[in-house]
Amino acid sequence: MNAHTQIADYLSAANFKQLEQRLAFEHKKSGNHLFWEGESARSCFYIKHGLVKVYKVTKDGQELILQLLQPGDFYMEIGNGEAQFSCSAEMMQDSEIGLISSDALEELVAGSGSFAVEFMKWMGLLHRTSQSKFRDLMLYGKNGALASTLIRMSNSYGEPCEAGIRIQLKMTKTELANLMGTTREGVSRMLSAYQEQGAITYMDGHLVITDLAYLRSIVQCPDCPPDICRM
Numbered sequence: 001m002n003a004h005t006q007i008a009d010y011l012s013a014a015n016f017k018q019l020e021q022r023l024a025f026e027h028k029k030s031g032n033h034l035f036w037e038g039e040s041a042r043s044c045f046y047i048k049h050g051l052v053k054v055y056k057v058t059k060d061g062q063e064l065i066l067q068l069l070q071p072g073d074f075y076m077e078i079g080n081g082e083a084q085f086s087c088s089a090e091m092m093q094d095s096e097i098g099l100i101s102s103d104a105l106e107e108l109v110a111g112s113g114s115f116a117v118e119f120m121k122w123m124g125l126l127h128r129t130s131q132s133k134f135r136d137l138m139l140y141g142k143n144g145a146l147a148s149t150l151i152r153m154s155n156s157y158g159e160p161c162e163a164g165i166r167i168q169l170k171m172t173k174t175e176l177a178n179l180m181g182t183t184r185e186g187v188s189r190m191l192s193a194y195q196e197q198g199a200i201t202y203m204d205g206h207l208v209i210t211d212l213a214y215l216r217s218i219v220q221c222p223d224c225p226p227d228i229c230r231m
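Numbering-wise, UniProt numbering puts 29 at position 29 of the sequence shown, and it's gapless, one number per residue.
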């Protein structure tokens with residue numbers, strides 16, 4: 001478990017050092033924002049420590065969590081000219097963030113063919129991850145989206161325990177609902193159904209997956225590598 005793939009896994013040591021040398025690190029408190037939707041997207045971000053949620057707010061005020069950025073993740077938005085952030089990002093934990101300007105990153109990509117190829121492979125991973133999330137939601141609905149989310153959490157935050165897989169990251173039912181674009185009540189009903197099936201339980205406030213095969217059966221889980229089946 002805890003198979004979260006980092007950008008450093010896709011860059012050679014020399015190329016990661018080139019990126020790291022250009023980062024300006026800042027400490028951010030939990031609850032602070034990294035950026036807001038509509039702001040100029042002039043910076044890219046490397047998560048050294050902490051946890052960051054990337055989200056949008058719908059017209060009716062519902063929050064939709066698009067991504068959870070974990071240590072080792074790199075976030076950027078690509079656009080022509082004066083690109084703007086299409087979403088917002090908030091610290092879920094005290095975090096240390098490395099910033100690099102979009103111009104500096106473009107210079108690095110343009111100046112090193114090997115960096116450009118490796119960075120493109122990292123971006124390809126993120127694209128495949130997004131595709132797999134949409135697949136589960138579109139083909140299997142909210143129930144499939146929740147099952148998929150729990151499977152991904154087991155890969156990114158799971159620790160083996162006697163009862164099964166203990167999810168180290170605590171998330172409220174509202175936060176789980178926001179990951180799927182549904183309601184807290186809907187998530188509560190689905191979790192209760194999973195518990196009745198013996199697929200999950202709770203220990204010391206942590207969710208524990210006791211029957212991963214059951215969750216995988218809901219989404220007819222393909223044999224995705226852990227670097228794609230992640231939060």
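Glycine included, every Cβ here is placed at the ideal spot set by N, Cα and C.
Keep in mind it's a predicted model, so treat the numbers as computed, not measured.
Asked, Found
"Let me check understanding here. Comparing Cα to Cα, which of Asn178, Cys221, Gly198 and Ser95 lies closest to Lys56?", "Asn178"
"Under the DSSP definition of a beta bridge, which residues are partnered with Gly56?", "The residue you asked about is not Gly; residue 56 is Lys in the sequence shown. DSSP lists Leu64 as partners of Lys56."
"Which value, in whole angstroms, describes the spacing of the CA atoms of Ile167 and Thr201?", "11 Å"
"With a threshold of 16 other CB atoms inside 10 Å of the CB of Lys29, please say whether the residue is buried or exposed.", "exposed"
"Below 8 Å, how does it come out for the region 143 to 158 and the region 212 to 225: are there three or more Cβ pairs, yes or no?", "yes"
"Roughly how many angstroms lie between the CA atoms of Ser95 and Gly50, to the nearest whole one?", "4 Å"
"With 16 as the cutoff for other CB atoms within 10 Å, does Phe134 come out buried or exposed?", "exposed"
"Using alpha carbons as the reference points, say which of Glu175, Gln6, Thr58 and Ser188 lies closest to Tyr46.", "Gln6"
"Could you check where the beta strand (DSSP E) with Gly164 kicks off and where it finishes?", "Gly164 to Ile167"
"May I ask whether a heavy atom of the ligand MG can be found less than 7 Å away from the beta carbon of Met92?", "Among the components of this structure there are no ligands whatsoever, and the ligand MG is therefore not found."
"Out of Asp204, Glu118, Lys170 and Pro226, point me to the one whose CA is closest to Ala14's CA.", "Glu118"
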